[in-house]
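In what follows, a single structure is set out as structure tokens and then discussed.
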Amino acid sequence: MTKTLPTVTKSKALEPGVEFRNQSLGSLSVLSDAILLTNVFYDFSIEDLLKYQALSPAFYVLLNDDLLWKDLFLKQIKGNKKQLVFDTNWKITAMHYLYPSKLELSRFPFKQLSFQNFYSLEIYTRWLRRHTIVKDYGFDNGQVDHVDSNTLSVEEFIEKYEKPSIPVIFKGIQKDWSATEKWTSDKLAEKYGDVLFKISHQGHKRIPMKFKDYVDYMKAQNDEEPLYVFDEAFGEKAEEMLTDYSVPKYFPEDLFEVSGKERPHFRWIVIGPPRSGAPWHIDPAGTSAWNSLLTGRKRWLMYPPSFTPIGVGIDDVEEKFYGSPPSLLWLLEVYPYLPPDQRPIECIQEPGETIFVPGGWWHMVLNMEESIAVTQNFCNSQNFMDVCEELSGNRKEYENFKKALLDDKPEFKARFDDFELMESQMKHSFDNMDVWGPMVRKVYNKHIAPISDQENIDIESPNSGQSPVFIVNKQYVVKFYSTEYGGESSFKNESFLYQEISKNSEYLKSIFPQVLGKGFYKDLNDINSNCNGNGNGNHNGNDDTTTTSSAATDVDKEKQEKPLPDIKWKWPYIISSFVDGINLQEVQIVPEALPYPYPPQPIAEGEDDQDDEEKPSIDDNTLVDFMVKALSNLHNIKPSKSNDNPMIPDSNDQWSMWKKELTRLYSEYRHNHWNWNGLPSHLRSSMQDYLPKDINQLIDNTFSPCYLHTDLTDENVLGQIKKAPVVVEKPKKKSLSSRLKKMIIHPQKRKSPHKDGGVWEPKNLIDLGDSKLGDRWYELISLHLSVFAGDKTRFKQFLSKYIIHSDDNKQLDGKTWLDYYNLDPKAFVKRAMSYTLIHHCDAITTITRHFPSYRNASTIDHLACLIWDLDFAETSPYSP
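Under UniProt numbering, the residues of the sequence shown are numbered 1 to 880, in order.
See below:
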């Protein structure tokens with residue numbers, strides 16, 4: 001018996017357009033137009049498009065989409081050397097190209113058929129993007145400096161922009177270039193019309209088209225993502241063009257010059273019509289770039305290396321292949337919904353201007369007009385380490401570059417040695433126990449108890465931190481010091497301060513971990529060791545460094561006799577007692593970044609039960625009292641003037657190391673804020689004017705220098721949760737409007753992993769790796785913005801309980817820091833904000849997560865009042 005398909009009874013009449021579409025597409029009607037165009041029809045050939053467009057009105061409309069014809073045609077002719085000539089649209093162009101002898105234009109139906117009952121939002125938006133006028137699509141808001149090249153010296157450029165890795169636009173560089181007259185599309189077409197410049201589109205890198213035909217295409221096209229000239233060999237194809245411009249004075253050095261035939265591509269001519277451009281990408285091999293615009297206007301959008309643009313997927317890190325939407329599509333469909341703290345840095349490049357793009361920066365370009373530019377990438381002394389880091393992923397490329405450069409410039413050997421020392425330490429992730437496990441075992445074996453290779457110890461790596469830190473058996477902590485994060489200096493300071501605490505303060509001794517041993521791993525790595533490892537983080541269980549216990553086999557003994565490999569870094573270490581506690585960050589959750597898309601969508605009733613969870617509370621009084629007692633005890637330890645104190649190398653000037661530290665912080669703060677992106681972009685240009693020009697003016701000499709923790713973040717304050725009495729209450733149902741209001745005004749917070757309620761109380765402090773001898777004001781930054789979460793009530797309470805002693809300031813002996821504040825609140829706010837701007841931690845991002853409205857501060861003075869003025873409320877009116 002033949003089975004029949006069941007009939008579907010319509011519950012109600014469909015809209016006429018929907019019913020027309022369903023009938024016209026048949027079974028394919030269940031798929032959206034976007035899926036049909038990008039997934040189903042994208043596998044068609046041109047012959048399929050011609051054949052299936054006759055099936056029905058819907059097939060006719062969808063299969064006549066110009067973008068679909070363009071993509072399928074270019075895919076079909078990939079590798080074909082026959083010259084392409086654009087005519088009217090991509091359907092006609094494809095017909096001309098593929099069927100030149102069969103196509104009679106007089107009989108070809110130029111006019112598209114129209115079907116009133118068929119509507120496609122996908123087809124409409126594609127058409128809309130193809131016809132978008134972008135001439136005024138964007139404006140320059142001053143985020144990137146436009147500077148006169150006649151007044152900015154090379155040295156000033158290096159110090160102000162290149163070293164801190166900050167983009168800048170130069171005016172006047174092209175004043176002596178003949179290209180300013182010669183490089184128009186018509187003049188270039190007249191002279192180089194038959195040249196086959198490299199024309200690209202997405203994955204198609206060499207579209208066969210003469211330049212004169214490309215110029216005609218630019219004038220006739222209506223593409224959402226037009227074809228683009230991006231040719232690295234234009235100098236070989238049109239040698240005279242190389243004499244039309246010169247490398248700007250700011251970029252005289254390119255270390256890749258010594259590579260000869262192995263030199264990577266480094267210069268390009270870039271030509272494109274409106275709507276063309278480059279999607280989000282990072283330039284290759286860690287190189288920086290300059291781009292000089294001869295004609296047209298470009299809209300640039302940039303992110304620092306620490307950010308990945310929303311909508312970008314890194315599909316292949318090794319090959320640096322970025323799955324990014326076209327520029328115009330991203331600007332239309334992603335950009336409008338970006339939250340305020342995730343917007344890119346933007347600028348408009350005008351004709352005659354040259355932009356500097358630092359290495360590692362994400363950037364995207366949209367041509368607002370027909371544009372012609374020349375660009376070059378380079379490796380120089382400033383970005384050398386970044387280039388080495390990128391090249392090291394391919395050892396052959398790195399070794400070839402190293403050999404070529406040292407043959408020509410042997411003075412770079414020390415720079416290569418520095419890079420390889422750093423790379424040897426950080427090339428393995430901290431959770432790679434094949435590498436770090438044997439090193440930890442050796443330290444444990446030396447300072448805790450001898451263990452054989454067969455004995456197991458539990459080793460785990462915390463999820464956070466910059467240095468290799470490992471917890472052993474939940475009893476001990478082994479910390480190694482890398483050169484990138486303080487190295488031997490950090491090791492010496494931390495070791496010495498633990499020693500000073502042990503001698504001078506029983507209270508601090510009770511709240512900090514106890515040091516059980518210290519040393520250099522290199523000294524442990526000898527033939528008498530019981531564990532493996534070579535000190536580089538390059539451990540291989542089968543290599544020649546394997547050593548044995550007394551029960552070793554003959555084969556193992558043979559291995560022992562082989563020489564040890566060279567150890568690049570001696571790996572200072574400390575092993576201390578493990579403090580088991582819950583850090584403040586786990587109960588005082590820092591809000592996540594504002595959500596994308598922004599503003600957030602309404603939450604339906606019952607969807608969010610976060611407010612119903614019972615989370616631990618924090619006893620503010622206990623927290624403040626704990627921090628007062630801890631810091632008072634630390635700051636009151638009289639600095640030792642013994643020769644072994646690494647923090648006082650000059651007994652005649654106890655401030656010498658702090659001045660050195662401030663000099664370093666001053667040299668890095670601009671780089672930090674541009675890369676962190678926490679300080680609102682409209683305030684960054686004001687930082688230099690806000691800060692004291694002389695670091696001595698920043699130091700508060702009314703106090704003596706004291707020992708500082710300097711890294712008092714919520715992560716380094718540990719506590720315990722004291723269980724609260726159980727009270728059974730019927731949960732209150734919050735209205736949708738109240739929850740929406742809370743969500744929009746205050747960003748979503750991560751959920752605490754501790755949901756049993758109770759009260760969190762501080763018990764311990766950890767991590768003196770950043771400890772210094774210096775100005776106690778610096779301690780206030782992370783204390784207030786991280787530990788106190790910007791809560792001025794907590795901060796004021798702290799100031800009111802912190803007693804100043806005569807050894808610190810005789811005039812204020814017995815007074816509190818709040819008394820000191822009240823003597824001159826404006827001076828207090830100024831100094832505190834100055835230290836905030838140069839602080840080594842990203843304090844601004846933290847505080848603007850807690851208080852998103854702070855990003856609306858009109859000036860740095862305004863932001864300073866919001867953060868540090870005890871009498872200035874978030875809603876207070878501000879007037880300079």
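We treat Cβ as the ideally placed atom computed from N, Cα and C, and that holds for glycine.
This structure is a prediction, so every number in the text was calculated from the model and none was measured.
Counting C-beta atoms within 10 angstroms of its own C-beta, Y124 has fewer than 16 neighbours from the protein chains shown and is therefore classed as exposed. The beta carbon of F197 sits closer than 8 angstroms to the beta carbons of F211, Y214, V229, D231, F234, K237, I269 and I271 from its chain, once the five residues preceding and following it are set aside; these are given in chain order.
A straight-line Cα-Cα distance of about 12 angstroms links P164 and E156.
The alpha-carbon separation between P692 and D619 amounts to approximately 38 angstroms.
For the 8 angstroms CB-CB criterion, L37 and L62 form a contact. Bridge partners of W268 according to DSSP: T375.
The residues Y481, E488, F491 and F520, in chain order, have a CB closer than 6 angstroms to that of P572 in the same chain once the five nearest residues on each side in sequence are set aside. Collapsing the DSSP output to three states places V478 in a strand.
In the pairwise beta carbon analysis, the stretch 67-87 is classified as not touching the stretch 17-32: fewer than three pairs are separated by under 8 angstroms. According to the DSSP assignment, F115 belongs to no alpha helix (DSSP H), since it is labelled neither H nor E.
Per DSSP, reduced to three states, the secondary structure at K298 is strand. Between L497 and A373, the gap from beta carbon to beta carbon reaches 8 angstroms or more.
In the displayed model, E614 falls within a strand according to three-state DSSP. Residue environment for S424: buried (at least 16 other C-beta atoms within 10 angstroms of its C-beta). Inter-residue distance for S806 and M657 is about 23 angstroms (C-alpha atoms, whole angstroms). Three or more pairs of CB atoms, one per stretch, sit closer than 8 angstroms, so the stretch 329-340 contacts the stretch 304-313. Beta-bridge analysis with DSSP links T816 to I803. When the alpha-carbon of K175 is set against those of T354, H201, G678 and F115, the nearest one is in T354.
Its Cα nearest to that of L662, the residue D694 stands out among D694, S686, D653 and K638. Beta bridge pairing from DSSP links K772 with L708. Rounded to the nearest whole angstrom, the C-alpha separation of L72 and S324 is 20 angstroms.
When secondary structure is reduced to three states using DSSP, M241 falls in the helix class. Between I451 and V435, the alpha-carbon positions lie close to 18 angstroms from each other. Following the DSSP letters along the chain, one finds W760 inside the beta strand (DSSP E) bounded by residues V759 to L765.
K111 and P284 have their C-alpha atoms spaced approximately 46 angstroms apart. Taking every protein chain shown into account, the CB of F139 has fewer than 16 other CB atoms within 10 angstroms, so this residue is exposed. Rounded to whole angstroms, R126 and E225 show a C-alpha spacing of 11 angstroms. CA-to-CA, the gap between E592 and N856 works out to about 18 angstroms. When beta bridges are read from the DSSP output, L293 appears opposite A373.
In the three-state reduction of the DSSP assignment, T354 falls in the strand class.
For G359, same chain residues with a beta-carbon under 6 angstroms away, outside a window of 5 residues either side, are G286, T287, S288, N383 and D386 in chain order. Cβ-Cβ separation between F256 and C379: approximately 5 angstroms, consistent with a contact (criterion under 8 angstroms). For W127, the enclosing alpha helix (DSSP H) has its first and last residue at L121 to R130. The beta strand (DSSP E) runs of length 3 or more contained entirely in the stretch 171-258 are, from start to end of the chain, 228-231. Here DSSP, grouped into helix, strand and coil, assigns K629 to helix.
The beta carbon of D145 sits closer than 6 angstroms to those of V168, all from its chain and outside the five residues before and after it, given in chain order.
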